[in-house]
Amino acid sequence: VGNLLVGYPAGNNINASMTGGKSSTHGYFFGMPGSYPSPYSGSQKFPFASTGNTSQVPEQTGLGPHRSQAHTSPLTSPTDMYFIGGYGATPPGGTTIFNEIIRTPSSSDAAFSDHGDLISALYRHGANYSGDAGYSSGGLQDPPGSATNAIDKFLFSANVTATDQGDLTTAHQYNTNSQS
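In short: position in the sequence shown from 1, add 21, done, that's the working numbering.
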């Protein structure tokens, strides 16, 4: 058992603004434990094999200083961590809903790279994977607050725009992630 790094502003709902990932040896926290419009896009990790506090991951591994990203959907394939869509503060004082699919290898603290795009910008959506593909389901889209029932599919092997995989029976937000 351990603690997140100190220095996060008191009184903020950190859990609502962070996302996570995993490798075979570590758990990761990415995101924005600050409040709008002053985001912090810190990245931290902790080892599964021992107890102790988190350690800072080099900033280039995180979502980057150009934005923070909340309400994104994390997804871990057998080889990579993916972050799909999200809602974030963008300087100076604006907000954006993202359609990006970004990834980093789960075997190292390497920088995130662009993997492709969702069909539309989403946040508060679910992320799932099976075999060689990732999926995004439901969520909110632009204009803010407009729920969707879309299911997007993207291949892990290619940096491309996602394709339409079908629809949920009803539109949902705050969907749960799963893997098979």
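From the three backbone atoms N, C-alpha and C, an ideal C-beta is built for every residue, glycine too. Since this is a predicted model, take the numbers as computed values, not measurements.
Cutoff 8 Å; reference residue i; Cβ partners in own chain excluding five residues on either side
| i | result |
| --- | --- |
| Gly187 | Ile172 |
| Asn120 | Gly106, Asp138, Leu139, Ile140, Ser141, Ala142, Leu143 |
| Ala192 | Gly159, Ala168, Thr169, Asn170 |
| Asn180 | Asp135, His136, Gly137 |
| Thr46 | Pro68, Phe69, Ala70 |
Extent of the continuous beta strand (DSSP E) to which residue i belongs
| i | result |
| --- | --- |
| Asn149 | 147-151 |
| Leu142 | Here the sequence assigns Ala to residue 142, which means Leu is not the residue at that position. Ala142 -> no beta strand (DSSP E), and no H or E assigned at all. |
| Phe175 | 171-176 |
| Leu96 | 94-97 |
| Thr184 | 184-188 |
| Ser156 | The question names Ser, but residue 156 in the sequence shown is Tyr. 154-158 is the span of the beta strand (DSSP E), which, as asked, contains Tyr156. |
Nonlocal neighbours in the same chain, by C-beta distance under 6 Å from residue i, ignoring five residues either side
| i | result |
| --- | --- |
| Thr182 | Gly137, Asp138 |
| Asp163 | Ile118, Ala142 |
| Asn74 | Gly23, Asn24 |
| Arg145 | His92, Gly160, Leu161, Gln194, Tyr195 |
Counted within 10 angstroms of its Cβ, other Cβ atoms place residue i as buried (16 or more) or exposed
| i | result |
| --- | --- |
| Tyr108 | buried |
| Asn24 | exposed |
| Gly42 | buried |
| Ser178 | exposed |
| Ser167 | exposed |
| Thr125 | buried |
| Gln77 | exposed |
| Pro58 | Residue placement at Pro58 is poorly supported in this model, since its pLDDT is 40, which falls under 50; the coordinates still yield a value, given next. That one is exposed. |
8 Å contact criterion, which residue i and residue j should meet: CB distance rounded
| i | j | result |
| --- | --- | --- |
| Thr40 | Phe104 | 6 Å |
| Ser71 | Tyr49 | 16 Å between Cβ atoms; not a contact. |
Neighbourhood of residue i by C-beta distance below 7 Å, restricted to the same chain and skipping five residues each side
| i | result |
| --- | --- |
| Lys174 | Ala154, Tyr156, Ala183, Thr184, Gln186 |
Legend entry - Inter-stretch contact at 8 Å, needing at least 3 Cβ pairs: the segment 132-151 / the segment 95-102: Touching, yes.
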